[in-house]
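My numbering numbers the first residue of the sequence shown as 1048 and each following residue consecutively.
Worksheet: the structure to be examined is printed underneath.
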Amino acid sequence: MADGPTLPKLIILLVILTTLYILFILPLMTTAYYAVTGGNMKTWTDKLSKKLKFI
């Protein structure tokens, strides 16, 4: 008897999709955004590091 999607299967699928998003899709989309808008990645990282110093 074939059972449908159980909760552990759904949780594993969610973890896999989240990992793929963080590792591949998010950096690609960030790079594409800065390429399209013509933003400078170095100034963005400098601003981020300055904000983290205050914390």
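Quick reminder that beta carbons are idealized off the backbone N, C-alpha and C, glycines included.
Bear in mind that the values here come from a model prediction, so they are computed numbers and not experimental data.
In the three-state scheme derived from DSSP, where H, G and I count as helix and E and B as strand, P1074 is classed as helix.
Rounded to the nearest whole angstrom, the CA to CA distance from D1093 to Y1068 is 25 Å. Here DSSP, grouped into helix, strand and coil, assigns T1092 to helix. The alpha-carbon separation between P1074 and Y1081 amounts to approximately 11 Å.
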